[in-house]
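Asks: This is the structure I want to talk about, given as structure tokens.
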Amino acid sequence: MNNLLSSLPANLAEEQFDALLTTPGVRIERIVSLGHTSPAEGWYDQDEDEWVLVLTGSGTLEFADGRRQALAPGDYLYIPAHQKHRVCHTHQTQPTVWLAVFFPPQNRYAITPITAEDDAAICRIIQHVGAEFGAVGEGFGPGDDEVRCMSRHYCLEHHSRYFVARLNGEIVGGAGLAPLNGMPGVCELKKLFLLPAARGHGIGRQLADACLDFAAGQGFASCYLDTLGNMSAAIRLYEQLGFRHLKAPLAGSVHGGCDVWMLKDLGR
């Protein structure tokens, strides 16, 4: 193949994948679609970063956080490793030719339990992101006393844990899990906050999954959370995780400033 637009098939039963270059650090493919989409039951969740360009035709990518991105000829997109996505549309009559470049992840992140050395950084992040969305003062999570020293308040003895996320070694967010006041068997997903630069990498989901895994291990029957209606990306994530909306907060909630309340049955 000497031209990326040569030998385009008139009919395709399945997408066509042509390897153009494979080295230890880079893999380049030409992908040809003709009305093809990804399987409805799954997402691409790859170990590599991907840069993809549409040469002809058109396509639409959908991401696990609910975003959709339409691509026309000349449009390109960077997809970090483990950012779940799928193709939800390609042109029905004109071949869509994708040029995909795969390479080792540039953004490396890790999820770990909080330590005392992390307290100052996560405090700044919680307060900064809280201010971004208007969650300031009494009645909102960033105003809780525990924010100043999270590691002291989240520990196994209290059936609680807070996790921090590091992106390329720097703390960029966190989330916690603790019993809900006065409600046996019910825990609360608390203070899931990410800096803007850390969003869109799947880190929020990884934090939530870590908290829910911990909750299951502690034997909680259900998990509650409250948030703000303007945190739309977070709400979509919670819905995807199986949280259902409530009409009012549970009795143990202390955040009167929130206007969205959700609950997940951990037995399902």
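Residue numbers for the sequence shown follow the working numbering, so the first one is 1411 and each next one is one higher. Where a beta carbon is used, it is the ideal one built from N, C-alpha and C, also for glycine.
(1) Pull up the distance between the alpha-carbon of S1448 and that of R1496, whole angstroms please.
(2) Do three or more CB pairs link the stretch 1581-1596 to the stretch 1615-1634 at distances below 8 Å?
(3) Report yes if the C-beta of T1466 is less than 7 Å from at least one heavy atom of the ligand GDP; otherwise report no.
(4) Tell me the start and end of each unbroken alpha helix (DSSP H) in the stretch 1508-1576 that is at least 4 residues and wholly inside, in chain order.
(5) For L1703, I'd like the list of residues in its chain whose CB is within less than 7 Å of its CB, leaving aside the five on either flank, ordered along the chain.
(6) Please tell me whether L1605 and V1582 are closer than 8 Å, where the distance is taken between their beta carbons.
(7) Is the number of C-beta pairs between the stretch 1460-1475 and the stretch 1520-1540 that are closer than 8 Å three or more?
(8) Expressed to the nearest angstrom, what Euclidean distance is found between the alpha-carbon atoms of L1599 and T1466?
(9) So, for E1424: in the same chain, excluding its five sequence neighbours on each side, which residues have a beta-carbon less than 8 Å away from its beta-carbon?
(10) May I have the straight-line CA-CA distance separating R1437 from L1481, to the nearest angstrom?
(11) Relative to the C-alpha of V1507, which residue among G1612, Q1456 and A1420 is closest?
(12) Select from H1499, V1511, K1494 and Q1493 the residue whose C-alpha is nearest the C-alpha of Y1486.
(13) Confirm, please, whether the CB-CB distance from D1669 to L1638 is below 8 Å.
(14) Does the distance from the C-beta atom of Q1577 to that of Y1488 stay below 8 Å?
(15) Could you tell me which residues DSSP puts in a beta bridge with R1615?
(16) Expressed to the nearest angstrom, what Euclidean distance is found between the alpha-carbon atoms of R1736 and L1622?
(17) Pull up the CB-CB distance for I1521 and Y1572, whole angstroms please, since I reckon it's below 8 Å.
(18) With 16 other CB atoms within 10 Å as the buried threshold, where does S1642 fall?
(19) From V1462, S1443 and C1533, pick the residue whose C-alpha is nearest to that of E1556; which is it?
(20) For V1462, collect the residues of the same chain with a Cβ closer than 6 Å to its Cβ; drop the 5 residues on either side in sequence, then sort them by chain order.
(21) Helix, strand or coil: how does DSSP classify R1609 here?
(22) Would you mind reading off the limits of the alpha helix (DSSP H) that contains Y1648?
(23) Closest to I1535 by CA distance: which of F1427, G1610 and M1560 is it?
(24) So, with DSSP's three-state summary, where would you put D1623?
(25) What is the rounded straight-line gap between the Cα of F1624 and the Cα of E1567?
(26) Between D1554 and Y1634, what straight-line distance do the alpha-carbon atoms span, to the nearest angstrom?
Replies: The answer reads as follows:
(1) Between S1448 and R1496, the C-alpha separation is close to 6 Å.
(2) yes
(3) Within the structure as shown, the ligand GDP is missing, as the structure has no ligands at all.
(4) Counting whole runs of 4 or more residues, the stretch 1508-1576 contains the alpha helix (DSSP H) stretches 1529-1542 and 1560-1563.
(5) Since the first residue shown for the chain is 1411 and the last is 1678, residue 1703 is missing from the structure and cannot be characterised.
(6) yes
(7) no
(8) 45 Å
(9) H1446
(10) 21 Å
(11) A1420
(12) V1511
(13) yes
(14) The question names Gln, but residue 1577 in the sequence shown is Leu. Not in contact: L1577 and Y1488 (Cβ atoms no closer than 8 Å).
(15) According to DSSP, R1615 bridges with nothing at all.
(16) Outside the modelled stretch of the chain, which goes from 1411 to 1678, sits residue 1736, for which no answer is possible.
(17) With 8 Å as the limit, I1521 and Y1572 do not qualify as a contact, their Cβ atoms being about 11 Å apart.
(18) exposed
(19) C1533
(20) L1487, W1508 and A1510
(21) coil
(22) S1642 to Q1650
(23) M1560
(24) DSSP places D1623 in helix when its eight states are reduced to three.
(25) 13 Å
(26) 17 Å
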